[in-house]
Each structure stands twice: as structure tokens, then as C-alpha cells.
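Peer 1: Dropping a structure here in C-alpha cells format, bear with me for questions.
Number of protein chains: 2
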Amino acid sequence: MSVNIKDVARIAGVGISTVSRVINNTGIVSKATRDKVLSVVEQYNYVPNNNARNLKATQSRNIALMVKGITNPFFSNMIKEIERQVDLRGYPFMIYHVEDGTNEINAAIQLVQEKNLCGIIFMGGTYDHSEEKFRRLNIPCVLTTITAQEVDPSIFSSVIIDDLKEAYKATKYLISLGHTAIAFMAKSPFLNETTGNRRFLGYIKALEESSIPYDPQLVEDCEYSASSGFSATRRLLNKGRGVTALFAAADTIAIGAAKAVLTAGLSIPDDISIIGFDGIEMAEYYHPSLDTISQPANEIALSSVSLLFDLITGQSVNQHIVFDAVLIKRGSCKNPGMKRVF
Amino acid sequence: MSVNIKDVARIAGVGISTVSRVINNTGIVSKATRDKVLSVVEQYNYVPNNNARNLKATQSRNIALMVKGITNPFFSNMIKEIERQVDLRGYPFMIYHVEDGTNEINAAIQLVQEKNLCGIIFMGGTYDHSEEKFRRLNIPCVLTTITAQEVDPSIFSSVIIDDLKEAYKATKYLISLGHTAIAFMAKSPFLNETTGNRRFLGYIKALEESSIPYDPQLVEDCEYSASSGFSATRRLLNKGRGVTALFAAADTIAIGAAKAVLTAGLSIPDDISIIGFDGIEMAEYYHPSLDTISQPANEIALSSVSLLFDLITGQSVNQHIVFDAVLIKRGSCKNPGMKRVF
DNA sequence: TCATGTTAAGGAAACGTTTCCACAAAAAGC
DNA sequence: GCTTTTTGTGGAAACGTTTCCTTAACATGA
Numbered sequence: 008m009s010v011n012i013k014d015v016a017r018i019a020g021v022g023i024s025t026v027s028r029v030i031n032n033t034g035i036v037s038k039a040t041r042d043k044v045l046s047v048v049e050q051y052n053y054v055p056n057n058n059a060r061n062l063k064a065t066q067s068r069n070i071a072l073m074v075k076g077i078t079n080p081f082f083s084n085m086i087k088e089i090e091r092q093v094d095l096r097g098y099p100f101m102i103y104h105v106e107d108g109t110n111e112i113n114a115a116i117q118l119v120q121e122k123n124l125c126g127i128i129f130m131g132g133t134y135d136h137s138e139e140k141f142r143r144l145n146i147p148c149v150l151t152t153i154t155a156q157e158v159d160p161s162i163f164s165s166v167i168i169d170d171l172k173e174a175y176k177a178t179k180y181l182i183s184l185g186h187t188a189i190a191f192m193a194k195s196p197f198l199n200e201t202t203g204n205r206r207f208l209g210y211i212k213a214l215e216e217s218s219i220p221y222d223p224q225l226v227e228d229c230e231y232s233a234s235s236g237f238s239a240t241r242r243l244l245n246k247g248r249g250v251t252a253l254f255a256a257a258d259t260i261a262i263g264a265a266k267a268v269l270t271a272g273l274s275i276p277d278d279i280s281i282i283g284f285d286g287i288e289m290a291e292y293y294h295p296s297l298d299t300i301s302q303p304a305n306e307i308a309l310s311s312v313s314l315l316f317d318l319i320t321g322q323s324v325n326q327h328i329v330f331d332a333v334l335i336k337r338g339s340c341k342n343p344g345m346k347r348v349f
Numbered sequence: 008m009s010v011n012i013k014d015v016a017r018i019a020g021v022g023i024s025t026v027s028r029v030i031n032n033t034g035i036v037s038k039a040t041r042d043k044v045l046s047v048v049e050q051y052n053y054v055p056n057n058n059a060r061n062l063k064a065t066q067s068r069n070i071a072l073m074v075k076g077i078t079n080p081f082f083s084n085m086i087k088e089i090e091r092q093v094d095l096r097g098y099p100f101m102i103y104h105v106e107d108g109t110n111e112i113n114a115a116i117q118l119v120q121e122k123n124l125c126g127i128i129f130m131g132g133t134y135d136h137s138e139e140k141f142r143r144l145n146i147p148c149v150l151t152t153i154t155a156q157e158v159d160p161s162i163f164s165s166v167i168i169d170d171l172k173e174a175y176k177a178t179k180y181l182i183s184l185g186h187t188a189i190a191f192m193a194k195s196p197f198l199n200e201t202t203g204n205r206r207f208l209g210y211i212k213a214l215e216e217s218s219i220p221y222d223p224q225l226v227e228d229c230e231y232s233a234s235s236g237f238s239a240t241r242r243l244l245n246k247g248r249g250v251t252a253l254f255a256a257a258d259t260i261a262i263g264a265a266k267a268v269l270t271a272g273l274s275i276p277d278d279i280s281i282i283g284f285d286g287i288e289m290a291e292y293y294h295p296s297l298d299t300i301s302q303p304a305n306e307i308a309l310s311s312v313s314l315l316f317d318l319i320t321g322q323s324v325n326q327h328i329v330f331d332a333v334l335i336k337r338g339s340c341k342n343p344g345m346k347r348v349f
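Chains as they are written, first to last, in the numbering used here: chain A, 8 to 349; chain B, 8 to 349.
Structure, rendered in C-alpha cells:
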């Protein structure tokens, strides 16, 4: 059994409130008393009980990150950075993972009431039609990598990229190289307001702008994983529609797609060009290295945390920050139908 | 402000303890009263405050996972499965990430006192010479993927593979193919009691058994990431020691190594054989697919959680479970110096 | 009828904090 | 030398639960 504040007070021969004042650096305490208390704290290894603290405190200091899709390497890096940033500010931080299929914002509401949070960051998931739920949350909340478009923007913050614009950029790049049979792969491309859908809309917009007819047969719905990208690409190739380029809405998908292409005996980029999305390390170290739309993961993480703290301390009102992603060319895309000359 | 148990009691016209009995399903409550309380709970969306609960409760129900190295994809999958398993049992679950460089068990001690945990799972990190700290933890604790060898085994549990044995297996496989200049890459191979060290010892054992002299120049210390594996392999190749096979103590490293080999214009496996460790998805979808020692991640996760619950409920004493890993051959290893005939 | 047991429900203490309030002693202002 | 302020400290209420203890009503068995 560990010591509590009462024990410390008794041992140090002071009142409970004095101990509290010392460990919280509040109020006035004489140097002598402070030193006495601190030495007892040190000696008996006293750590304040957070449950009691949070229970009493009007406002807690607990910050949570709610993530859906923890297996996506793009997310793990952001998680790490967010953790670091929150830690730097000395706030208790915990990560919660919600399973695919469960509603993340319902889970968050429960969490806020249970754990007395003072701020929450969301990563992954979908949040439209959640206006009432956001209001119920009633604490500062920042959405990263996704936004809720049909929700009153003054009740939440977001730090994102413009998925539609960036997907448009990727597709436009393929078109500029001369491709017209461009496949698209994402999770739930037809489900309104998902990330996959926004990227799909960017893809469509680029096609339309260049008067390339949209062929639904070239769009595959798949999970954000290599295995899923692999099977989606096999299905696609089997359709025999003469695809010359693949735009995968995630690097994990792109890697599975590349494997399917290479396994089929085709060459990248001579037979098929591939571009991914996110900018994970593996896309760079794949062979061939894969072109991608690289998100500024670190900036997003940094900005999310600093925005959240500004909201918590009342130094800012809700806002929506949009970062630019960068098209990184590594050679997995080229003109169609022209074998590379060595 | 959300409703509390007192509000519910008042609105339902019953006592506080009755509400508590209803929501916890303890003691005797008449059907009529129960229904009345539940309808109020439903209507006012009452969620018990966990801080108060934990504060009062002799034994909490909080379970934490402490992970070091969240960016390793091998870990993310295990995290997901552990989360699922704990959730299934209805216990609150939180994930904590400790940064490289911080002591995970010190962080855990603080956490246990702060959050009133009833059980903890460790993933990654090192735990030797922590006997006193384990005792201080004083709650059931399960180490996954790593064990503390110099600590009294009765004060903690572990669910692991035998790193030395499996690394021996990998090295032996390369030797059996005819390789003698076998490089080894891991994180901290010379730092006692790390995972990297155990795998290094397995590598050494296999070499010794086959009377292959150990060449320290063939061992590279690197992080568990593709970029780190890439630069380590460049260093290695630049030494010009005629390496024909590479054993990377992690698939992430193996992928970086493969890229370095391919970038140097060499072929896998014709010029250099590569075998990794862990069994992550990316190793399979790399091109060429990489051989690996595949850990039974799911079984480890399942077994860790079920063991932890047995410990919490007193149905078991501390034990140490060792799973077997599997050598998966995908073609990235072959005899040295014999170009493949097509 | 009376003792006993069972079912149902409420009151109140306790968990470990923070914080408001009270109070004493010392310092300061006149 | 008196009031007023400042400094330093302790007591106790409150946070929202759980749980032990008590009480009350009612049924049971002799």
C-alpha cells in the first residue's frame, strides 16, 4: 500500500492542506516547511492519486487521443509525436483505440464523463451528423486528418489536409503523364464524408476536368492495408480494362497494389504507374520506391496539440487549419505505353 | 454538467445505494425499482464517474498497456488485438506510450499509483535489474515479447518467444544454404538483456556450432526502422567483406536492408540472401517477398490478456509462456554464389 | 402469536484529494 | 500601542462513488 497525503502530513508533522500546497506549488508556504514536506515526499515516494485529484478538481488535466485504425503506420508516427508534445506540457495523456465498426464519438462521450478529460484529439473515423454529440462532449476537441463538414465549425477544431485537392493533384499528375485508364483504390470511396470519399471526389474532379469518362469498374473499395490493396489490384487486373495507372488513397494500399502488379509479371512504371498517399516510410523503401502524396504528419501533430492547448487555456477559439501535402516523385510513375530506355 | 448518481436517485425517487446496486448488478433490487432507475439512467444519459469509482473501489478494473516502440508495425497489430481482448471482458483499457530513452518501469510505477490499475501489460523495453521495481508495482503484470531474466520469475509473468532459439534457427538456415559471411543487424546487439542481444546470441551460437569465425565487422547496430536498416546495410556493403547473407532482427530492418541491396544494383537472393524477424505484413508484400521468422502475434496477444485476467482473478500464479516462431520461406534466401537459372 | 428469515431499500462512512475558511502570529502603518 | 495587513498554517467540506450497516415490511414455520 502506498502512502497518501495524510501519511505525508502526519510524518512531516504538518497539516494536509500544507502538503497539498507544497506539491501543487500554490499558496504560501515557508521555506522550512516546504523542505520538510518535500523530503518526506521524496523519502516515502509519495505520488498523488490521480483519481482523487480528478474527482475533486473542477477542471482536470487529462488529455486523450482517440484513434481508429492504429495499425496504419501513418497513424503510429503521428501518435508518437502527439504523445511527445502533450508530455512536454506535463499533462497526463492516454491513448484509446476504437475498433472498426464502433462509433468513435459515442465512445468519446462516455470516456469524457468517465475520466474527466479536459481535451481530446481524434484521429481517423468519421464525424459527420455528430453535431449534437460534439455539443455533449463539451470540451475542446481537435480532429486530425479528418473533418466534419456538415457540423457547425464553431464547436470543434480540425487540423487537416484538403483531401479532395490533394487527390486531385495526384490524379492530375497521372493525367499529365498521359494516362487515361486510371484506377482508384480507397476505403469506402462511395460512403459519404469518409476520407476515402473525399479523395475519390478529387479523383473524379480531375477526370472530369480533362474530359476523361469515369469508369466505375476502375474504382475498388479496399481496406487500408497491403493485403487488401493486393487483392483489390488482382480483381482490377482481372477485369482486363487496360489500366495503365493506379492511384491508391493510402501508401499501404499502394504497396499491396505494387506487389500485385509485379507478381503479375508487369513492370512499374513501364507497364503500370502507381502513386500512393500519406508518405509513410515503407513507400520510400519499397522497390521500386513509390510516388506519393506526402502529408506533413509532424506539422499536423504539432499543430493539433498546440491548438488543443490554446483551446483549453482559452487562448483561442475553434479553428480549422489546413496543411498542404506534397507530391513526391520517386519514379513509380511515367508516361504510359513507352518502355523506359536505358 | 452531467448528471451524477445523486441526481439519478433523486429523480427516480430512490436512495443512492439503490442506484448503485442497479448499475452494478449487485445486491437485491425489486424489478419495479430496477426498471425505474434504469429508465432514468437511460433518459438522462448517466455514466458513472470512473474517478470516483476507482477512488472508492478497493480493487479497480483498469488495465493498461505500456508500450515502447509504437511505430513498429509488429507492435501495432498486437496492440489492436490486446485492446480487443480486454474490451471483450468489459474492463476499461488504456494505452500508454513511453519514449525511447525513458525508463518504462519507472513510468509504470507512477501510473499504477496515479490511476489505480489492477493489471498491466508491457510491450517492448527492457526489464532486467528491476526486481525491486516489480515488487513496488504490486499488481499482476505480464511482459509480452520480452522477459526479465535476472528477476525472480515468481513476481511477474511473461508471454514470449525464445529469441535466442529463433535467431539461431534463422542463422542456421542461412548456414545450411551454404553461407558463411552472414551479417547481423539489430538494435543494441551488445547491450545485455535487450531483445537485440538475445537474437545476437542466437546468431553467435549458430556460427560457433558450425565453426564459422565470428567477425564483429559484420554486426551492425541499428534502430527498428527501414531507414535505419538501409543506412546500416550501406555501411556494411561499403566495408567490402563479401557478405552473402543478411539476418535482420526485425522485418522493418530487413526491408531497409533489401532496399540498400537492390539500390546497389545487387539482386536478392542471387547476390545476397535476406531474412528478417517478426512476420509483419510488409515483409510479405515487399518485392521480393522476404523470408522471416514469424512470431505468433495473435496467440501472444490472446495469451497475454487471458493470463493477466487469470492473475487478476487469482485463478493462476505467475507463469512464463513460450511460443514457437515459424521460419517462413518466401524466396529471399538461396545458396550463395549460384545465379538462379530461369 | 411470536421468533426467525428473507427481501428491499436507505443512511452514512470512506476513498484521497483540493480549496475555502478560520485563525494565529508576525509585520506594518499610523 | 493600537488597528490593519500579511504570512503561514490547519480544519473541514466537497467531489461521486461503493459498501457496510441498519431498518422495515412481509412471509414462514413452530
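Ideal Cβ placement from N, Cα and C applies to all residues, glycine included.
#1: Taking only beta-carbon atoms, is B/Thr78 less than 8 Å away from chain A?
#2: Starting from B/Ile262 and walking both ways along the alpha helix (DSSP H), at which residues does that stretch end?
#3: Applying a beta-carbon distance threshold of less than 9 Å, which residues of chain B neighbour A/Tyr103?
#4: I'd like to know whether the C-beta of A/Asn61 is nearer than 8 Å to at least one C-beta of chain B.
#5: On a CA-only basis, which of A/Glu88, A/Lys140, A/Thr299 and A/Gly247 is nearest A/Phe163? Give me that one, please.
#6: Kindly list the residues whose CB is nearer than 8 Å to the CB of B/Leu309, restricted to its own chain and excluding five residues on each side of it in sequence; keep chain order.
#7: Taking 8 Å as the cut-off, does the segment 253-263 of chain B touch the segment 172-179 of chain B (at least 3 CB pairs, one atom from each stretch)?
#8: Less than 8 Å between C-beta atoms, sequence neighbours within five positions excluded: which residues of the same chain meet that for A/Lys161?
#9: With DSSP run on the structure shown, which of helix, strand or coil describes A/Lys194?
#10: So, is the C-beta of A/Asn39 closer than 8 Å to a C-beta in chain B?
#11: Would you be able to state if there are at least three C-beta pairs under 8 Å between the segment 146-155 of chain B and the segment 120-128 of chain B?
#12: Return the chain-ordered ranges of every beta strand (DSSP E) run that is complete within the segment 272-343 of chain B and spans a minimum of 3 residues.
#13: Per the DSSP calculation, A/His104 is bridged to which residue(s)?
#14: By Cβ distance below 6 Å, which residues in the same chain neighbour A/Arg276 in space, the five residues on each side in sequence not counted?
#15: Would you mind stating whether B/Asn61 and B/Asn123 have Cβ atoms separated by less than 8 Å?
#16: Compare the C-beta of A/Tyr231 against all C-beta atoms of chain B and say whether one is closer than 8 Å.
#17: With 8 Å set as the bound, which would you pick, yes or no: does the beta-carbon of B/Leu269 sit closer than that to a beta-carbon of chain A?
#18: Locate the beta strand (DSSP E) running through B/Ser83, then write down its first and last residues.
#19: How many angstroms separate the CA atom of B/Thr25 from the CA atom of B/Glu49?
#20: Quick check: is the beta carbon of A/Tyr266 nearer than 8 Å to any beta carbon in chain B?
#21: Considering Cα atoms alone, identify which of A/Val74, A/Thr240 and A/Lys179 is closest to A/Glu216.
#22: Three or more C-beta pairs closer than 8 Å, one from the segment 238-245 of chain B and one from the segment 262-273 of chain B: is that the case here?
#23: Taking 8 Å as the CB-CB cut-off, is B/Lys87 touching chain A?
#24: Compare the Cα-Cα distances from A/Pro220 to each of A/His186, A/Cys229 and A/Met192 and report the closest residue.
#25: Taking the alpha-carbon of A/Glu138 as reference, which of A/Met192, A/Val158, A/Arg205 and A/Gln120 has the nearest alpha-carbon?
#26: At 4 residues or longer, and completely inside the segment 138-225 of chain B: list those alpha helix (DSSP H) runs for me, N to C.
#27: Cβ atoms of A/Val29 and A/Leu45: under 8 Å apart, would you say?
#28: Verify whether the separation of the beta carbon atoms of A/Ile77 and B/Ile112 is less than 8 Å.
#29: Counting only beta-carbon separations shorter than 8 Å, does A/Gly263 have a partner in chain B?
Peer 2: According to the structure data:
#1: Answer yes: the Cβ-Cβ gap between B/Thr78 and chain A drops below 8 Å somewhere.
#2: Asp258 to Thr270
#3: Glu90, Phe100, Met101 and Ile102
#4: yes
#5: A/Lys140
#6: The beta carbon of B/Leu309 is closer than 8 Å to those of Glu88 and Gln92 in its chain, skipping five residues each way along the sequence.
#7: yes
#8: Reading the sequence as shown, one finds Ser at residue 161 of chain A and not Lys. So the list reads Val324 and Asn325, once near-sequence residues are dropped.
#9: In this structure, A/Lys194 counts as coil in the three-state DSSP scheme.
#10: Reading off the sequence, residue 39 of chain A comes out as Ala, not Asn. Not one beta carbon of chain B lies nearer than 8 Å to the beta carbon of A/Ala39.
#11: yes
#12: 280-285, 298-301, 327-330 and 333-335
#13: A/Val74
#14: Checking the displayed sequence, the identity of residue 276 of chain A turns out to be Pro instead of Arg. Correct list, in chain order: Ser339, Cys340 and Lys341.
#15: yes
#16: no
#17: Look at B/Leu269: its C-beta is under 8 Å from a C-beta on chain A.
#18: Taken as a continuous stretch (DSSP letters only), B/Ser83 belongs to no beta strand (DSSP E), being part of the alpha helix (DSSP H) at Pro80 to Leu95.
#19: So the alpha carbons of these two residues sit roughly 16 Å apart.
#20: Before going further, note that residue 266 of chain A is Lys rather than Tyr in the sequence given. A/Lys266 counts as touching chain B.
#21: A/Lys179
#22: With a cut-off of 8 Å, the segment 262-273 of chain B and the segment 238-245 of chain B count as touching, because enough Cβ pairs lie within range.
#23: yes
#24: A/His186
#25: Looking at the Cα atoms, A/Val158 is the closest of the given residues.
#26: 138-144, 170-183 and 202-216
#27: yes
#28: no
#29: yes
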